[in-house]
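**Q** Can you read through this structure? Questions will come right after.
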Amino acid sequence: MSPTRQAISHWPDTDELLAKAKRLVDSPPRPIRRDRMQEYLDFFETRCKKSKAATAEAAKYIPGGVQHNLAFNYPFPLSISRAEGAYLWDVDGNRYVDFLQAGGPTVLGSNYAPVRDKIIEVLRDCGPVTGLFHQYELELAKLINRHMPSVEMFRMLGSGSEAAMAAIRTARNFTGKKKIIKVGGAYHGWSDQLVFGTRLPGTGAYEAAGIPEGCLQHTQEFFPNDIDGEQGLRALLEQNRSSGGTAAVILEPIGPESGSRPVQRDFNGRVRELCDEFDTLLIFDEVVTAFRLGLGGAQGYFGVRPDLTVFGKCVAGGYPAAGGVGGRADVMSTLSAGIGAGGQKTLVGGTLSANPVSCAAGYYAILEMERTNAPVLAGQAGDKLCRGLQAIIDDLDLPFFVYNHGSVIHLETHGVLLVDTTDPDFFTKVMQRKDIAEEMGAAYTAEGVITLAGSRLYSSMADTDEVVEEALGGFARALSSVEGVS
Ligand SMILES: Cc1ncc(COP(=O)(O)O)c(C=O)c1O
């Protein structure tokens with residue numbers, strides 16, 4: 071992939087970001103002023119009445135009234151009736167700039183017509199699923215291989231969670247080893263063995279309610295960037311060597327939680343070297359980064375070749391059943407499907423996996439991204455947004471910070487995912503900052519901008535300069551309402 075097609079224009083200085091993160095969580099939290107927060111809450115009460123009624127009724131039938139973990143739901147969830155390009159509309163007719171972008175799959179913008187038209191054709195021709203081979207499965211696999219040569223073979227699945235589960239099972243089957251090492255704080259979906267050290271590094275089984283301990287006994291975590299420390303990656307690999315070895319190291323190449331815990335530029339390369347030294351497979355979880363950070367994904371940007379890659383989101387162009395695993399032909403061959411496959415086969419499957427709609431959506435979305443240069447345009451929008459937000463923060467003299475890896479932008483105002491898990495006040499700090507995160511998200515929304523959890527933003531090709539300017543206006547008003555701003 072030519073360097074001009076990369077969607078990350080520059081790699082932020084990781085040491086500087088980590089220092090800023092430390093300063094943020096060590097200083098007193100700065101919430102929205104109470105009078106302004108009341109005005110924001112009034113917006114929801116007066117302008118979002120239909121959403122309130124619908125989601126209150128939903129709470130009787132759906133736990134919590136909302137089914138999306140990434141959905142903002144304070145003071146109550148919004149009911150969305152329309153999505154187009156850079157915008158969302160709720161059932162009350164309010165329009166928002168959409169930086170949630172469904173959690174990342176829509177680099178072309180929401181509900182992109184050229185892909186939608188193709189999907190309607192597919193539906194007319196063969197409906198959503200047949201359970202038999204369709205040409206789009208091949209077209210998608212070939213296209214991925216063209217952009218990511220490490221993906222010699224590819225298997226489409228139903229979600230990123232399934233794909234991560236399939237990747238570790240395949241790694242174990244292929245290597246005959248048991249241990250899986252992940253980076254603490256990373257989310258690789260909700261499968262039993264990967265809900266370990268989730269969201270915050272060092273938290274082990276903290277979020278593993280309902281998962282028997284035994285499921286987690288072969289999963290280990292190390293802190294982001296910690297290669298050579300006492301409990302770092304090398305130490306774990308060495309320790310495992312004497313007890314059967316490590317099947318795989320799985321990581322998000324830009325750092326856990328889409329880079330909320332940023333990693334050093336050379337981190338992935340160093341992990342690759344260690345995996346080679348210890349005869350361990352390297353799995354990149356590119357559920358967020360594949361195609362978003364350039365058509366070659368994060369592996370193209372870093373120039374590091376993983377053995378397996380986990381896909382989700384963009385791989386089905388924002389359409390349902392978005393998941394897949396791909397990689398070295400010898401490793402992937404253990405995943406061969408069909409009635410005759412048996413013995414050492416890695417069992418994965420799914421009635422709706424690799425259906426014609428998902429495969430066609432992924433295929434046409436990637437082709438459109440190629441034609442329009444969408445990842446780079448989305449990255450440029452991310453750069454512009456980031457510069458604008460930094461100017462607002464500087465202007466208002468706030469202790470906040472913002473950075474981006476192309477179209478993945480982090481606006482840190484509360485640092486809930488940055489609190490040190492060894493801090494004696496860890497729980498108090500996290501709970502307090504979680505509340506502020508919710509309020510920030512609500513304030514941005516009332517100002518017409520939807521974010522992921524009040525701190526993460528995904529930009530898309532639809533984010534023109536005008537859209538970014540409009541959003542910056544909303545952010546400026548919300549951030550001017552923070553306590554202590556005169
Ligand atoms: C890095 C990463 N891996 C895996 C997943 C799980 O993917 P899915 O939601 O499709 O199960 C996610 C979801 O956000 C993710 O961000």
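Taking our numbering, I'd label the letters of the sequence shown as residues 71 to 556. Every residue gets a Cβ at the ideal spot worked out from N, C-alpha and C, and that includes glycine.
(1) Jot down the residue ranges of each uninterrupted alpha helix (DSSP H) in the region 157–199, minimum 4 residues, whole runs only, in chain order.
(2) Measure the Cβ-Cβ separation of Ala236 and Val333 and say whether it is below 8 Å.
(3) Does ligand 1 have even one heavy atom less than 7 Å from the beta-carbon of Val253?
(4) I'd like the ranges of any beta strand (DSSP E) spanning at least 3 consecutive residues and lying wholly in the region 445–511.
(5) Give the C-beta separation of Leu422 and Ala392 to the nearest angstrom, bearing in mind that I take them to be a contact with Cβ-Cβ under 8 Å.
(6) What residues does ligand 1 have around it, judged by CB closer than 6 Å to any heavy atom, in chain order?
(7) Whose CA, out of Gly315, Glu347, Gln290, Phe348, lies closest to the CA of Leu321?
(8) Quick one, are the C-beta atoms of Ile281 and Val265 less than 8 Å apart?
(9) Tell me whether Thr84 is buried or exposed, calling it buried when 16 or more other Cβ atoms sit within 10 Å of its Cβ.
(10) For His80, name the three-state secondary structure that DSSP assigns.
(11) Less than 8 Å between the CB atoms is what I'm expecting for Phe113 and Ala516, so what's the real figure, rounded?
(12) Do three or more CB pairs link the region 199–217 to the region 430–450 at distances below 8 Å?
(13) Whose CA, out of Leu352, Arg547, Val472, Gly382, lies closest to the CA of Met226?
(14) Checking 8 Å against the spacing of the C-beta atoms, do Val537 and Ala156 come in under that value?
(15) For Val95, which residues of its own chain have a beta-carbon under 6 Å away from its beta-carbon, when the five flanking residues on both sides are left out?
(16) Do the CB positions of Phe169 and Ser556 come within less than 8 Å of each other?
(17) So which of Gly299, Trp260, Arg362, Glu207 has the shortest CA-CA distance to Val427?
(18) Mark Leu193 as exposed unless 16 or more other C-beta atoms lie within 10 angstroms of its C-beta, in which case mark it buried.
(19) Going along the chain, which residues of its own chain have a beta-carbon closer than 8 Å to the beta-carbon of Lys90, five neighbours each way excluded?
(20) Can you tell me which of Val185, Met107, Asp298 puts its alpha carbon nearest to the alpha carbon of Cys384?
(21) Residues in its own chain within less than 6 Å of Arg342 by CB, not counting five upstream and five downstream?
(22) Which residue comes first and which comes last in the alpha helix (DSSP H) that contains Val23?
(23) Skipping 5 residues on each side, what residues in its chain have a beta carbon closer than 8 Å to that of Val199?
(24) For the region 245–259 against the region 306–319, do three or more pairs of beta-carbon atoms, one drawn from each stretch, fall closer than 8 Å, so that the two count as touching?
(25) Would you decide whether Ser330 is buried or exposed? Buried here means 16 or more other CB atoms lie within 10 Å of its CB.
(26) Would a C-beta distance cut-off of 8 Å place Gly554 and Arg106 closer than the cut-off?
(27) Can you list, in chain order, the residues of its chain with a C-beta nearer than 6 Å to that of Thr416? Leave out the 5 residues immediately preceding and following it.
(28) Could you round the C-beta distance between Ala444 and Val177 to whole angstroms and report it? I think they count as a contact, below 8 Å.
(29) Is Asp355 helix, strand or coil when you go by DSSP?
(30) Out of Ala360, Gly387, Glu438, Val552, point me to the one whose CA is closest to Leu378's CA.
(31) For Phe142, count neighbouring Cβ atoms within 10 angstroms of its own Cβ and tell me buried if that reaches 16, exposed if not.
(32) In its own chain, which residues sit with a C-beta less than 6 Å from the C-beta of Gln460, not counting the 5 before and 5 after it?
(33) Among the residues of its own chain, which have a CB less than 7 Å from the CB of His258, if the five just before and after it don't count?
(34) Could you work out which residue in Val418, Pro376, Leu468 is closest to Ser551 when comparing CA atoms only?
(35) Using DSSP with H/G/I as helix, E/B as strand and the rest coil, what is Gly432?
**A** According to the structure shown:
(1) 183–196
(2) With a cutoff of 8 Å on beta-carbon distance, Ala236 and Val333 are scored as not near each other.
(3) Val253 Cβ: outside cutoff for every heavy atom of ligand 1.
(4) DSSP runs (the beta strand (DSSP E)) wholly in the region 445–511: 471–475, 478–482.
(5) Rounded, the Cβ-Cβ distance is 11 Å, inconsistent with contact.
(6) Spelled out in chain order, the answer is Gly173, Ser229, Gly230, Ser231, Ala234, Tyr257, His258, Gly259, Glu322, Asp355, Val357, Val358, Gly382, Ala392, Gly393.
(7) Gln290
(8) yes
(9) buried
(10) If DSSP states are grouped into helix, strand and coil, His80 belongs with coil.
(11) 4 Å
(12) yes
(13) Gly382
(14) yes
(15) Gly485, Leu488, Val489
(16) no
(17) Glu207
(18) exposed
(19) Excluding positions up to five away in sequence, the list reads Phe471, Glu482.
(20) Val185
(21) So the qualifying residues of the chain are Leu352, Val374.
(22) Not covered by the structure: residue 23. The range shown for the chain is 71 to 556.
(23) Thr421, Leu422, Asn425, Pro426, Val427
(24) yes
(25) buried
(26) no
(27) Arg239, Thr240, Asn243, Thr404, Leu405
(28) 5 Å
(29) strand
(30) Ala360
(31) buried
(32) Val472
(33) If you ignore the 5 residues before and after His258, its C-beta comes within less than 7 Å of the C-beta of Ala234, Lys252, Leu264, Ile320, Asp355, all in its own chain and listed in chain order.
(34) Out of Val418, Pro376, Leu468, Leu468 has the C-alpha closest to the C-alpha of Ser551.
(35) Helix, per DSSP.
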